[in-house]
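Here the structure comes first, spelled out in structure tokens, and everything after it is commentary.
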Amino acid sequence: MKWLLFRSGILSDRSEVYTVSWTRFRRRVASVGAAASALLMVGPLVPAAVAQEQAPRVLRVALVQEIDHLNPFTASFASSTMVGRFAWEFLTLPSSEDATPTGGVAESWKASEDKLTWTFTIREGMTWSDGEPVTAHDAAFTFNTIMSDPKAAEANGGYVENFEEVTAPDDRTLVIETKEPQASMTALDVPIVPEHVWSKIEDMQDPATDSVEVVGVGSGPFVIAEYRPNELVRMKANEDYWRGAPAYDELHFVKFENADAAVNALRNGEVDFINRLTQAQFDSLSGEPGVETNQASGRRYRELLMNPGARNAEGDEIGDGHPALRDVKVRKAIAMAIDPKVLVEKVLGGYGELPGGLVPPIYAAFHYEPGDDVRYRFDPQAANRLLDEAGYRRGADGIRVDSEGRRLEFRLTGRSSEDYAQRASDYIVSWLKDVGIAVSKNLVSDNEVDETTSSGHYDLAFSGWGTNPDPDYILSKQTCAALPAASGSSSSNAFFCDETYDELYYRQAAELDPAKRAELVKQAQARYYELVPSLVLGYDNVLEAYRSDRFTGFVRQPEGEGQIMEQTGYWGFYGAKPVNAAAEGQESSGLSTGVWVALGAGALVLLAIGGTVVVRRRSSIDDRE
């Protein structure tokens, strides 16, 4: 049943019509005292036939990167995992203030004295968007599915490798037993899914797992309402979200073929937010009327993959990488032939930081900075000497050949939609030609890049990862355990497998002393740097822009100076407010679409006690934990 209520000048001088259910009306309007109710007449009845819903308030975000999957068990693209963060709450997540752990599905947690058993207390009263309660059994199902099904482990398998057993003794208690102490237990970047939906799935890689019928039940601030591949992901505000509903109605992720088209859409008011801007785009938007820009240190690194001889978990060769790249001397020579300073200054326009290890400088405690004696510097002469020593001689055309006469001619794979790949590839082709290596550019779609690199069908390739405040995830992707069970299912495109690195990785994972762990993390990165299966090219600054004439209140991580869109949480868009709503005092009244209803057949009335109307306002961003 729908009821109508004319919002009169008692609370606002603007007349609006809203529609909601009687249940929601009863939730929003509270009586005061024990006196009998009275009816206060406030205006003539608005006929139901002409009443209209207020147009939904929509935050539209431009996406240039494709969505590979919405299924949280298989999603790996940054855009896909970002959508997942809005749809499904984690056990814990990094806070917006400083990225330290804060509660999600779990409201508290503790470790046993031997650090092998972790007990999480599940938040009381939390529900899925279909009304079912969120329980410890959902969390246990999520982790056990990843542990038992290789297909379900594709995206997040690294988090559970050390798990011995996961159980739910009751609805509010989750117990995780580990084989060794695990320092990352409060940084499990795993979306918790509803067992009553996902237990019906027989094949976690079935395309049907990306359908709204499956992914549309969530526990986060937004739920997935519509998915049109390569066009749109439409999310609706979760009115029952435990932190409080967002201040607007829908969040849309709109796909664009390239960044230029997305920038034009921002200027024209077709979208409200865009990130991954180039230097030229960012500069052109600075000072634009109605547009605000944001520059921040990023959590992503860019890398050049160098196929070291792709193998699966059984040790069998897969893919078709050039055999010369199995020689570490060739990979080191390539590293010496590339000038990262030029890439940062010319391609990134100075909006970036020079490279070191896999963990960006924003996470200073774990960042590895190579010493002068081991750093790969731009030195074509040294690169030539190293190739000479390795036995790769120059042919008549200047291109080097191996002992069997095979030319050092590599394919360079990258995303055609990405400005960085388009521009950086020209520099790399030129630099490597100078040391006798021929390179042909292969710029293709995002999905094709993912398919070719994950199956080992590449020589060189542009790649990159977003890192979390805890380094365990990004380090785990470089372990032997990350090698694929079959071609195309790898969680690490670098195909790196080294016993020394693995030992350092597992030691840091079990070390709970922060200082000792940080040192092991740096040593593991140093080993990776030494063997160079990929070369970190730099760390992008985050360059974002939004329509400040439409939305305000975007939360940055870390607080005040960080990025908005690709956070390790959902704070950025969750905290946003429509400008008009904020200007009209929405935070003080808490009134959103559907709060007021109409009563009566010939007049509209407010339920009142002693002439006073008391409305429980929506929790504001300042109220949220």
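Whatever position you read off the sequence shown (first residue = 1), add 1005 for my numbering.
Note that the Cβ used here is the ideal one computed from N, Cα and C, for glycine as well.
Buried versus exposed, by CB contacts within 10 Å (16 or more), residue i
i            : result
residue 1632 : Outside the displayed range of the chain (1006 to 1630) lies residue 1632, so it cannot be described from this structure.
residue 1175 : exposed
residue 1204 : exposed
residue 1212 : exposed
residue 1235 : exposed
residue 1291 : exposed
residue 1305 : buried
residue 1286 : buried
residue 1195 : buried
residue 1539 : buried
residue 1483 : buried
residue 1184 : exposed
residue 1386 : exposed
residue 1435 : exposed
residue 1561 : buried
residue 1445 : exposed
residue 1088 : buried
residue 1173 : buried
residue 1487 : buried
residue 1568 : buried
Residues bridged to residue i [DSSP beta-bridge criterion]
i            : result
residue 1576 : The partner list for residue 1576 (beta bridge, DSSP) is empty, contrary to what the question assumes.
residue 1005 : The chain is shown only over 1006 to 1630; residue 1005 falls outside these bounds and no answer can be derived.
residue 1175 : 1178
residue 1327 : Answer is none; residue 1327 lacks a bridge partner.
residue 1115 : 1124
residue 1582 : 1557
residue 1656 : An answer regarding residue 1656 cannot be provided, because it is not within the stretch 1006 to 1630 covered by the chain.
residue 1533 : Partner(s): none; residue 1533 has no beta bridge.
residue 1468 : 1308
residue 1299 : 1549
residue 1646 : Outside the shown range of the chain, which is 1006 to 1630, sits residue 1646, and nothing can be said about it.
residue 1063 : 1255
residue 1227 : 1242
residue 1675 : Because the chain in this structure spans residues 1006 to 1630, residue 1675 falls outside the shown range and cannot be described.
residue 1443 : 1414
8 Å contact criterion, which residue i and residue j should meet: CB distance rounded
i            : j            : result
residue 1441 : residue 1392 : 6 Å
residue 1477 : residue 1514 : 6 Å
residue 1417 : residue 1408 : Contact flag wrong, Cβ pair sits at about 24 Å.
residue 1107 : residue 1097 : 7 Å
residue 1490 : residue 1318 : 5 Å
residue 1064 : residue 1256 : 5 Å
residue 1219 : residue 1202 : 6 Å
residue 1141 : residue 1193 : The Cβ separation is near 14 Å, so there is no contact.
residue 1581 : residue 1253 : 7 Å
residue 1110 : residue 1145 : Actually they do not touch by this definition, with Cβ atoms about 11 Å apart.
residue 1333 : residue 1465 : Between residue 1465 and residue 1333 the Cβ distance is about 15 Å, and since that is not below 8 Å, they are no contact.
residue 1066 : residue 1277 : 7 Å
residue 1549 : residue 1206 : Residue 1549 to residue 1206, Cβ: 35 Å. No contact.
6 Å Cβ shell around residue i - same chain, five flanking residues per side excluded
i            : result
residue 1223 : 1092, 1093 and 1134
residue 1302 : 1367
residue 1283 : 1424
residue 1090 : 1575
residue 1428 : 1352
residue 1099 : 1474, 1573 and 1574
residue 1437 : 1342 and 1444
residue 1041 : Residue placement at residue 1041 is poorly supported in this model, since its pLDDT is 34, which falls under 50; the coordinates still yield a value, given next. There are no such residues.
Cβ shell of residue i (< 7 Å), same chain only, five flanking positions each side left out
i            : result
residue 1123 : 1114, 1116, 1181 and 1190
residue 1517 : 1120, 1186 and 1188
residue 1505 : 1532
residue 1032 : At residue 1032 the pLDDT is 36, less than 50, meaning the model places this residue with poor confidence and gives no usable figure here.
residue 1384 : 1341
Proximal residues to residue i (C-beta, below 8 Å), its chain only, five neighbours per side dropped
i            : result
residue 1358 : 1302, 1349, 1365, 1366, 1543, 1544 and 1546
residue 1230 : 1217, 1221, 1239, 1240, 1241 and 1255
residue 1563 : 1101, 1102, 1103 and 1104
residue 1397 : 1329, 1335, 1405, 1406, 1407, 1413 and 1441
residue 1362 : 1372, 1373, 1374, 1375, 1527, 1530, 1531, 1533, 1534 and 1541
residue 1402 : none
residue 1314 : 1322, 1326, 1328, 1330, 1331 and 1500
8 Å Cβ cutoff, residue i in contact with chain C
i            : result
residue 1444 : Checking the listed chains, one finds no chain C in this structure; it contains a single protein chain.
Would you be able to state if there are at least three C-beta pairs under 8 Å between the stretch 1441–1459 and the stretch 1416–1429?
-> The answer is yes - the stretch 1441–1459 touches the stretch 1416–1429, with three or more Cβ pairs under 8 Å.
Touching or not, the stretch 1320–1329 and the stretch 1541–1561, by the rule of three or more beta carbon pairs under 8 Å?
-> With the cut-off at 8 Å, the stretch 1320–1329 and the stretch 1541–1561 do not touch.
Please confirm if the stretch 1159–1177 is in contact with the stretch 1065–1081, defined as three or more CB-CB distances below 8 Å between the two stretches.
-> Counting Cβ pairs under 8 Å, three or more are found: they touch.
Would the stretch 1342–1356 and the stretch 1456–1469 be scored as touching if the rule is three or more Cβ pairs under 8 Å?
-> With a cut-off of 8 Å, the stretch 1456–1469 and the stretch 1342–1356 do not count as touching, because too few Cβ pairs lie within range.
With a cut-off of 8 Å, do at least 3 Cβ pairs link the stretch 1338–1350 to the stretch 1516–1527?
-> Fewer than three Cβ pairs drawn from the stretch 1338–1350 and the stretch 1516–1527 lie within less than 8 Å of each other, which leaves the two stretches out of contact.
For the stretch 1256–1272 and the stretch 1138–1156, state whether three or more C-beta atom pairs, one from each stretch, are separated by less than 8 Å.
-> Per the Cβ contact rule, the stretch 1256–1272 is not in contact with the stretch 1138–1156 (fewer than 3 Cβ pairs under 8 Å).
Counting pairs of Cβ atoms below 8 Å between the stretch 1568–1576 and the stretch 1266–1273, do you hit three or more?
-> Three or more beta-carbon pairs separated by less than 8 Å are not found between the stretch 1568–1576 and the stretch 1266–1273, which leaves the two stretches without contact.
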